[in-house]
Amino acid sequence: MHPHLHTKDNTACEEIMTALEECHARGFLWKSMGMCNDAKHQVNMCLRAERLKRTATNREAAKIKRDKVKKVWAEIDENS
């Protein structure tokens, strides 16, 4: 797999990515006949799920930060 996919964010997909690498290692004909398509689909779905988890976490953190900034600006407006 691509090195950028082997990160701390995708550790849950490590086993599936290894299975895909093993499938690709069987050779060009094996790969070209579509024998690795199921493993590739599983990797894509796993990476997508991990990305959605990160997105939800980031969105929540941004909401908290935005609420904090709004609160600070409200206090500044009250004191002005």
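Each residue of the sequence shown is one higher than the last, beginning at 189 in my numbering.
Ideal Cβ positions, reconstructed from N, Cα and C, are used throughout, including at glycine.
query                                                                        : result
MET205 (DSSP reduced to helix, strand or coil)                               : helix
Three-state secondary structure assigned by DSSP to THR243                   : helix
Beta-carbon gap between LEU208 and ALA237 smaller than 8 angstroms           : no
Whole-Å CB distance - CYS234 paired with ALA262, under 8 angstroms assumed   : Not quite, the Cβ-Cβ distance comes to about 43 angstroms (not below 8 angstroms), so this is no contact.
Environment of ASN198 [buried if 16+ CB atoms lie within 10 Å]               : buried
Opening and closing residue of the alpha helix (DSSP H) in which SER220 lies : 216-220
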